[in-house]
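Asker: Just dropping this structure here.
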Amino acid sequence: MSVLRNSSVLVTGGTGSLGRAFARHLLAHHEPDRIVVFSRDEQKQYEMRQEFGADDRVRWVLGDIRDRDSVIRAMRGVDHVVHAAALKQVDTAEYHPFEFAKTNIEGSQNVLEAAVECGVRKVVALSTDKASSPTNLYGATKMVADKLFTSANAWASERGVLFSVVRFGNVMGSRGSVLPLFRRLVAEGSTLPITDKRMTRFWITPEQAVRFTVDSFATMRGGELFVPRIPSMKISDLAEAVAPGMPTYEVGMRPGEKLHEEMIAAEDSYRTLQLEDRYIVLPTVGVTGYTAAGYCLPVSLGFTYRSDTNDAWLSIDELRRMLDLEGAWSAS
């Protein structure tokens, strides 16, 4: 039985692409008592209300994670939290570092403290590959946010609250993903801009990301950073999958952008365990109860999980099939 069944679930950043997918999946498959969609954009809430219709299990709360009091009000009576709210554009962060720090760091701390105060059972915060060995401001703020949540269990678990983090690579079609841009340019008949033909990315569909997050609620013991074992792809192959034969041109990397993604750094290998479908990075403080016996084995020292050295790759044909499936799932 789903751990989220008959529970009250709050999603920060709930009107974002992943928040919407999570709410839709929860309503269809997990029988929640209540879903609280918490976000600061009234237009997106209006649009989402039209999409979801008159489902009395959904509550719409306008607020900002920067405002601790509004987070506490929204979290009263909530059992589980998905923390998806964040500022995410890499190049924008380089020009507006204070805004990203306020939302991604201070806002995350507000969510954490509100969860403790309101007696929430479990919180899963969504992370990004940019938080591993960060080279840009966005990644640095998410790295700090990750540390806040994974370290919180050293003291918050005594209050009955567990915190964990899920780290994804590129979520297909999400805000900030290159896929919506490619699709728009194809519709306009334009050539496709490619940052760098050598660029690689991890690739996960919204459905996979949502299911992985839900599963993490069931398996978490507190303090873990969960990383799915997923394939890599080349940006040039994605362009060919979206628009076969369409000309492309290189535009160069944006400020702070990486050529390849990394989700686990070599410095974290000594506390990383491997399962069939995921890696688990254990916290630097606190105890989670995992062992290296049986189903859960340690990786080798110096191990890194990077998109360019990954052992699983998507072909152009496989990318096309994923794009078809993603379109069908989003429409359901």
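Note that the UniProt record's numbering has the sequence shown beginning at 1, numbered continuously upward.
For each residue, glycine too, the CB sits at the ideal point set by N, CA and C.
Quick caveat, the model's predicted, so the values are computed rather than measured.
Given this structure, state the Cα-to-Cα distance separating Val178 from Ala239, to the nearest angstrom.
Answerer: Locating residue 178 in the sequence shown gives position 178, where the first residue counts as 1. Locating residue 239 in the sequence shown gives position 239, where the first residue counts as 1. Rounded to the nearest angstrom, the two C-alpha atoms are 9 Å apart.
Asker: With DSSP run on the structure shown, which of helix, strand or coil describes Ile65?
Answerer: Locating residue 65 in the sequence shown gives position 65, where the first residue counts as 1. It is coil, neither helix nor strand.
Asker: Could you check the C-alpha separation between Ser164 and Pro247 for me, to the nearest Å?
Answerer: The residue labelled residue 164 in the question sits at position 164 within the sequence shown. The residue labelled residue 247 in the question sits at position 247 within the sequence shown. The straight-line gap from Cα to Cα measures roughly 43 Å.
Asker: Quick one, are the C-beta atoms of Arg68 and Ala114 less than 8 Å apart?
Answerer: Locating residue 68 in the sequence shown gives position 68, counting from the first residue. Locating residue 114 in the sequence shown gives position 114, counting from the first residue. Yes, these two residues count as a Cβ contact at 8 Å.
Asker: For the structure I just gave you, are there three or more beta carbon pairs, one from the region 185 to 204 and one from the region 104 to 124, closer than 8 Å?
Answerer: The region 185 to 204 vs the region 104 to 124: no contact.
Asker: Suppose contacts are defined by Cβ-Cβ distances below 8 Å. Is Leu87 in contact with Asn110 by that definition?
Answerer: In the sequence shown, residue 87 corresponds to position 87, counting from 1. In the sequence shown, residue 110 corresponds to position 110, counting from 1. Cβ atoms of Leu87 and Asn110: not closer than 8 Å.
Asker: Report the rounded CA-to-CA distance for Val59 versus Gly189, giving the unit in angstroms.
Answerer: Along the sequence shown, one-based indexing puts residue 59 at 59. Along the sequence shown, one-based indexing puts residue 189 at 189. Note that residue 59 is Arg in the sequence shown here, rather than Val. One C-alpha to the other measures close to 41 Å.
Asker: Tell me Arg153's beta-bridge partners as DSSP assigns them.
Answerer: Here residue 153 corresponds to residue number 153 of the sequence shown, with the count starting at 1. Just to set this straight, residue 153 is Asn in the shown sequence, not Arg. According to DSSP, Asn153 bridges with nothing at all.
Asker: Which stretch, first to last residue, makes up the beta strand (DSSP E) that contains His83?
Answerer: For the purposes of this step, residue 83 is taken as residue 83 along the sequence shown, with counting starting at 1. From DSSP, the beta strand (DSSP E) with His83 extends over 80 to 83.
Asker: Which value, in whole angstroms, describes the spacing of the CA atoms of Arg159 and Asp56?
Answerer: The count along the sequence shown starts at 1 and reaches residue 159 at position 159. The count along the sequence shown starts at 1 and reaches residue 56 at position 56. Looking at the two C-alpha atoms, the distance is approximately 31 Å.
Asker: Using 8 Å for Cβ pairs, my map puts Ser151 next to Met263. What's the rounded Cβ distance?
Answerer: Mapped onto the sequence shown, residue 151 falls at position 151. Mapped onto the sequence shown, residue 263 falls at position 263. Wrong, their Cβ atoms sit about 19 Å apart, outside the cutoff.
Asker: With distance defined between alpha-carbon atoms, name the residue in Gly53, Thr191, Leu10 nearest to Thr250.
Answerer: Numbered from its first residue, the sequence shown carries residue 250 at position 250. In the sequence on display, residue 250 carries Glu and not Thr. If we check each option's Cα against that of Glu250, Thr191 comes out closest.
Asker: What beta strand (DSSP E) runs, 3 residues minimum, are completely inside the UniProt domain "Ketoreductase" (7 to 141)?
Answerer: Runs found: 8 to 12, 34 to 39, 58 to 62, 80 to 83, 122 to 128.
Asker: Whether or not the region 31 to 47 and the region 68 to 85 are in contact is what I'm after, with contact meaning three or more pairs of Cβ atoms, one per stretch, closer than 8 Å; do they touch?
Answerer: With the cut-off at 8 Å, the region 68 to 85 and the region 31 to 47 touch.
Asker: Just to confirm the assignment: which complete alpha helix (DSSP H) runs, minimum length 4, are found wholly within the region 226 to 310?
Answerer: Here the runs fully enclosed are 235 to 242.
Asker: Look at the Cβ atom of Ile230, then the Cβ atom of Met199, and state whether they are nearer than 8 Å.
Answerer: Against the sequence shown, residue 230 aligns to sequence position 230. Against the sequence shown, residue 199 aligns to sequence position 199. The answer is no: Cβ separation not under 8 Å.
Asker: How would you label Val82, buried or exposed, when you count the other beta carbons within 10 angstroms and need 16 or more for buried?
Answerer: On the sequence shown, residue 82 is found 82 positions in, with the first residue counted as 1. Per the 10 Å Cβ criterion, buried.
Asker: Would you check if the distance between the CB atom of Pro180 and the CB atom of Gly223 is smaller than 8 Å?
Answerer: For the purposes of this step, residue 180 is taken as the residue at position 180 of the sequence shown. For the purposes of this step, residue 223 is taken as the residue at position 223 of the sequence shown. Taking 8 Å as the Cβ cut-off, Pro180 and Gly223 do not qualify as a contacting pair.
Asker: Using DSSP's beta-bridge definition, name the partner residues of Arg201.
Answerer: Stepping through the sequence shown from its first residue, residue 201 is reached at position 201. Answer by DSSP bridge pairing, in chain order: Met233.
Asker: Going by the beta-carbon positions, is the gap between Val3 and Phe217 smaller than 8 Å?
Answerer: The residue you call residue 3 lines up with position 3 of the sequence shown. The residue you call residue 217 lines up with position 217 of the sequence shown. Yes.
Asker: Between which residues of its own chain and Ala93 is the CB-CB distance below 6 Å, once the five residues before and five after are set aside?
Answerer: Here residue 93 is taken as the residue at index 93 of the sequence shown, counted from 1. Counting only Cβ-Cβ distances below 6 Å, and skipping sequence neighbours, we find Phe100, Leu137, Tyr138.
Asker: Measuring CB to CB, does Met220 end up less than 8 Å from Met322?
Answerer: Along the sequence shown, read from residue 1 onward, the residue named residue 220 stands at position 220. Along the sequence shown, read from residue 1 onward, the residue named residue 322 stands at position 322. No.
Asker: Can you tell me which of the three DSSP states Ser216 falls into?
Answerer: Along the sequence shown, read from residue 1 onward, the residue named residue 216 stands at position 216. Note: Ser216 maps to helix in three-state DSSP.
Asker: Hey, out of Glu51, Asn6, Arg167, whose CA is closest to Phe226's CA?
Answerer: The sequence position of residue 226 within the sequence shown is 226, counting from 1. When each option's Cα is compared against that of Phe226, the closest is Arg167.
Asker: On the three-state DSSP scale, how would you describe Arg159?
Answerer: Sequence index remark: in the sequence shown, residue 159 carries index 159 (1-based). Helix, per DSSP.
Asker: Buried or exposed: where does Val78 fall if 16 or more other Cβ atoms within 10 Å of its Cβ makes it buried?
Answerer: Translated into the one-based positions of the sequence shown, residue 78 becomes position 78. Buried, because 16 or more other Cβ atoms sit within 10 Å of the Cβ of Val78.
Asker: Can you give me the start and stop residues for the alpha helix (DSSP H) that Leu181 sits inside?
Answerer: One-based indexing of the sequence shown puts residue 181 at position 181. Start and end: 178 to 188.
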